[in-house]
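J.:
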Amino acid sequence: MFKTATAKGGSKYETANRGEEERREEGSEVRAQAARQCVRQLRLHPVLGVHWLGLVDSLEQLSRLAQLESLIPTEAAVGEQKGRVTESDGTLWDQAAHEDAIRILVEEAKVNVCLRMMIEFKEWQFAVRGPTAQEARLKDAARAMDVDEVNLLRKCNLFEESLGLLLLRGFMHVETLQLTDCVLLLEHVAMILSLAHERVGEYKETLKSQESVVIYYFTALMKHSEALNNSEVLAKTKELRVVHLVVRHMLQRKDDYALDFLGVAVEGFAKLAENEDFLPQWKEFFATKEEMEDFLKLQGMLEDILKRYPDKKAEMRPLSDLLKKVKKAAT
């Protein structure tokens with residue numbers, strides 16, 4: 001009787017497990033279908049045009065799906081599925097985590113489209129100087145389209161934040177970067193950091209605006225560079241003086257940023273410092289001794305990070321070694 005009871009209990013348990021797994025799969029299919037519909041709407045349109053406004057709705061929905069998926073726990077049952085990778089990060093296709101929105105963005109070849117959409121928006125935003133001119137342009141656009149000015153501003157913010165988040169989550173995966181125009185991405189990073197420096201205080205910056213998010217893009221590129229066209233990435237990084245631009249940006253805003261965010265940039269420099277192709281030519285990434293001296297100011301940030309996270313000492317050792325080399329060369 002005991003064995004029979006156990007078998008029945010086990011059968012009920014297995015049935016419940018199958019039911020739960022089916023519900024998870026159905027939920028994933030619904031999210032994937034919604035994501036694919038949104039992704040297929042993504043294309044280049046003139047900023048603030050009628051089609052562009054409709055595009056913002058698709059981006060917002062897609063971004064919310066990506067955020068929702070990031071909150072779904074990686075359950076053991078998911079990891080046990082055939083082909084799933086649990087011991088490492090895996091890829092967008094075999095990892096245990098749920099990232100259907102980003103996977104579909106890659107499968108539909110929309111990553112470069114998204115990058116160009118962001119570039120066009122920021123070029124439009126930077127086309128006029130100062131908040132007064134920005135407000136005047138927004139009022140003119142709202143009047144011409146017969147829409148509410150406040151709602152139009154909200155659309156602009158939603159566009160930048162939603163699209164920026166999608167790109168950020170995508171660039172965390174090397175396979176996304178392998179299908180991305182990395183030269184164009186570096187040019188975007190350089191443009192944002194250069195104009196942010198020239199126009200500091202003219203625009204409202206948040207942790208979701210590109211003035212902050214491009215630091216994540218930089219770190220993703222440095223982390224995965226050796227799995228990309230490494231020589232091209234390093235050459236463009238050197239040509240655009242991206243190391244100096246990131247350092248200057250972080251130093252200029254270090255009092256406004258939390259230590260964990262500063263740590264994103266520091267991690268990027270640590271990944272660059274361990275790049276085998278970077279090491280023989282590291283001096284070429286500093287145009288002047290002044291740039292070297294600015295780079296040395298990262299030492300304080302690094303020490304603060306290691307105080308809070310002592311377990312990162314080994315990960316940060318390449319940067320510590322590079323700082324010593326730069327210090328010697330700068331004196």
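Note that my numbering numbers the sequence shown so that position 122 is 122, with each residue one more than the last.
Quick reminder that beta carbons are idealized off the backbone N, C-alpha and C, glycines included.
Of all the options 261, 236, 246, 287, which has the alpha carbon lying nearest to the alpha carbon of residue 206?
T.: Here the question's residue 206 lines up with position 206 in the sequence shown. Checked all of 261, 236, 246, 287; the closest Cα to residue 206 is 261.
J.: Return helix, strand or coil for residue 250, following the three-state DSSP convention.
T.: Along the sequence shown, one-based indexing puts residue 250 at 250. Note: residue 250 maps to helix in three-state DSSP.
J.: Going straight from the alpha carbon of residue 127 to that of residue 313, what length do you get?
T.: Your numbering for residue 127 matches position 127 in the sequence shown. Your numbering for residue 313 matches position 313 in the sequence shown. Going by the C-alpha atoms only, they are around 43 angstroms apart.
J.: In whole angstroms, what separates the C-alpha of residue 239 from that of residue 102?
T.: Taking the sequence shown and counting its residues from 1, the one referred to as residue 239 is at position 239. Taking the sequence shown and counting its residues from 1, the one referred to as residue 102 is at position 102. Rounded to the nearest angstrom, the two C-alpha atoms are 30 angstroms apart.
J.: Do you know whose CA, among 199, 198, 193, lies nearest residue 245's CA?
T.: As a working note, residue 245 is residue 245 in the sequence shown. Closest option to residue 245, Cα to Cα, is 193.
J.: Between residue 154 and residue 113, what straight-line distance do the alpha-carbon atoms span, to the nearest angstrom?
T.: On the sequence shown, position 154 is the one that residue 154 refers to. On the sequence shown, position 113 is the one that residue 113 refers to. Cα to Cα, residue 154 sits roughly 22 angstroms from residue 113.
J.: For residue 79 and residue 99, I'd like the C-alpha separation in whole angstroms.
T.: Residue 79 sits at position 79 when you count from the first residue of the sequence shown. Residue 99 sits at position 99 when you count from the first residue of the sequence shown. Unreliable placement is indicated for residue 79, whose pLDDT of 43 sits below 50; the coordinate value is still reported in the next sentence. Their Cα atoms are separated by approximately 14 angstroms.
J.: Could you check what DSSP says for residue 99 in three-state terms: helix, strand or coil?
T.: Position 99 of the sequence shown holds residue 99. Of the three classes helix, strand and coil, the one that applies to residue 99 here is coil, per DSSP.
J.: Report the start-end ranges of each alpha helix (DSSP H) in the region 156-195 that is 4 residues or longer and not cut off at the edges.
T.: 174-178
J.: Taking residue 302 and residue 316 to be in contact with their CB atoms under 8 angstroms, please state how far apart those CB atoms are, rounded to whole angstroms.
T.: Position 302 of the sequence shown holds residue 302. Position 316 of the sequence shown holds residue 316. 6 angstroms between Cβ atoms; contact.
J.: Assuming contact is defined by CB atoms lying nearer than 8 angstroms, are residue 223 and residue 282 in contact in what I supplied?
T.: As a first step, residue 223 is located in the sequence shown; it is residue number 223 there, counting from the start. As a first step, residue 282 is located in the sequence shown; it is residue number 282 there, counting from the start. No.
J.: Under 6 angstroms Cβ to Cβ from residue 130, same chain only, skipping five residues before and after it: list those, please.
T.: Counted from its first residue, the sequence shown places residue 130 at position 130. Correct list, in chain order: 202.
J.: Which first and last residues belong to the alpha helix (DSSP H) in which residue 220 is found?
T.: The residue labelled residue 220 in the question sits at position 220 within the sequence shown. Counting along the chain, the alpha helix (DSSP H) containing residue 220 begins and ends at 210-224.
J.: Just curious, the alpha helix (DSSP H) that residue 332 is in, first and last residue?
T.: Limits of the chain in this structure are 1 at one end and 331 at the other, which puts residue 332 out of reach.
J.: Rank 190, 220, 310, 255 by C-alpha distance to the C-alpha of residue 178 and give the top, closest one.
T.: Position 178 of the sequence shown, counted from the start, is the residue given in the question as residue 178. Per the C-alpha coordinates, the member of 190, 220, 310, 255 positioned closest to residue 178 is 220.
J.: Roughly how many whole angstroms lie between the Cα atoms of residue 321 and residue 227?
T.: In the sequence shown, residue 321 corresponds to position 321, counting from 1. In the sequence shown, residue 227 corresponds to position 227, counting from 1. When rounded, the distance between both Cα atoms is 23 angstroms.
J.: What whole-angstrom Cβ distance do residue 39 and residue 108 have, given they're in contact under 8 angstroms?
T.: Residue 39 sits at position 39 when you count from the first residue of the sequence shown. Residue 108 sits at position 108 when you count from the first residue of the sequence shown. Yes, they are in contact, since the Cβ atoms of residue 39 and residue 108 sit about 5 angstroms apart, within 8 angstroms.
J.: Taking only beta-carbon atoms, is residue 101 less than 8 angstroms away from chain C?
T.: In the structure shown, chain C cannot be found, because there is only a single protein chain.
J.: Within 10 angstroms of its Cβ, does residue 37 collect 16 or more other Cβ (buried), or is it exposed?
T.: The residue you call residue 37 lines up with position 37 of the sequence shown. By the neighbour-count rule (16 or more Cβ atoms within 10 Å), residue 37 is not buried but exposed.
J.: Excluding sequence positions up to five away, which residues of its chain have a Cβ less than 6 angstroms from the Cβ of residue 141?
T.: Reading the sequence shown from its first residue, position 141 is the one you call residue 141. Residues 48 of the same chain have their beta carbon placed closer than 6 angstroms to that of residue 141, with the five preceding and five following residues left out of the count.
J.: Between the alpha carbons of residue 168 and residue 233, how many angstroms are there, rounded?
T.: Translated into the one-based positions of the sequence shown, residue 168 becomes position 168. Translated into the one-based positions of the sequence shown, residue 233 becomes position 233. If I take the Cα positions, the gap works out to 18 angstroms.
J.: Taking the beta carbon of residue 188 as the centre, do at least 16 other beta carbons fall within 10 Å, making it buried, or is it exposed?
T.: Residue numbering aside, residue 188 sits at position 188 when the sequence shown is read from its first letter. Looking at its Cβ environment, which holds 16 or more other Cβ atoms inside 10 Å, residue 188 is buried.
J.: Would you report the Cα separation of residue 119 and residue 268, rounded to the nearest angstrom?
T.: Counting from one through the sequence shown, the residue named residue 119 turns up at place 119. Counting from one through the sequence shown, the residue named residue 268 turns up at place 268. For the pair residue 119 and residue 268, the Cα-to-Cα distance works out to about 22 angstroms.
J.: Quick check: residue 270 and residue 318, are their CB atoms within less than 8 angstroms of each other?
T.: On the sequence shown, residue 270 is found 270 positions in, with the first residue counted as 1. On the sequence shown, residue 318 is found 318 positions in, with the first residue counted as 1. Against a cut-off of 8 angstroms, the Cβ pair of residue 318 and residue 270 comes out as a contact.
J.: In terms of alpha-carbon separation, which member of 274, 151, 122 lies closest to residue 53?
T.: Taking the first residue of the sequence shown as 1, we reach residue 53 at position 53. The candidate whose alpha carbon is nearest that of residue 53 is 151.
J.: Are the CB atoms of residue 200 and residue 164 nearer to each other than 8 angstroms?
T.: Taking the first residue of the sequence shown as position 1, residue 200 is located at position 200. Taking the first residue of the sequence shown as position 1, residue 164 is located at position 164. Cβ atoms of residue 200 and residue 164: not closer than 8 angstroms.
J.: Use the C-beta contact count for residue 231: other C-beta atoms within 10 angstroms, 16 or more gives buried, fewer gives exposed.
T.: Stepping through the sequence shown from its first residue, residue 231 is reached at position 231. Label assigned to residue 231: exposed.
J.: Once the 5 residues before and after residue 158 are set aside, which same chain residues still bring their CB inside 6 angstroms of it?
T.: Here the question's residue 158 lines up with position 158 in the sequence shown. Only 56, 60 meet the Cβ criterion.
J.: Which of the three DSSP states is assigned to residue 41 in this structure?
T.: Residue 41 sits at position 41 when you count from the first residue of the sequence shown. DSSP places residue 41 in coil when its eight states are reduced to three.
J.: In whole angstroms, give me the CA-to-CA distance for residue 171 and residue 305.
T.: By 1-based counting over the sequence shown, the position of residue 171 is 171. By 1-based counting over the sequence shown, the position of residue 305 is 305. About 24 angstroms.
J.: Mark residue 266 as exposed unless 16 or more other C-beta atoms lie within 10 angstroms of its C-beta, in which case mark it buried.
T.: What you label residue 266 is simply residue 266 of the sequence shown in a count that begins at 1. Buried.
J.: Can you find the residues in the same chain that come closer than 7 angstroms, C-beta to C-beta, to residue 160, ignoring five residues on each side of it along the sequence?
T.: Your numbering for residue 160 matches position 160 in the sequence shown. 121, 209, 210, listed in sequence order.
J.: In angstroms with no decimal places, state the Cα-to-Cα distance between residue 86 and residue 69.
T.: By one-based count along the sequence shown, residue 86 stands at place 86. By one-based count along the sequence shown, residue 69 stands at place 69. Unreliable positioning characterises residue 86 in this predicted model, as indicated by a pLDDT of 38, which lies under 50. A coordinate reading is not provided.
J.: Assign residue 247 to buried or exposed, taking buried as 16 or more other Cβ atoms, counted over all protein chains shown, within 10 Å of its Cβ.
T.: For the purposes of this step, residue 247 is identified with residue 247 of the sequence shown, where counting begins at 1. By the neighbour-count criterion, in which a residue is buried when 16 or more other Cβ atoms sit within 10 angstroms of its Cβ, residue 247 is buried.
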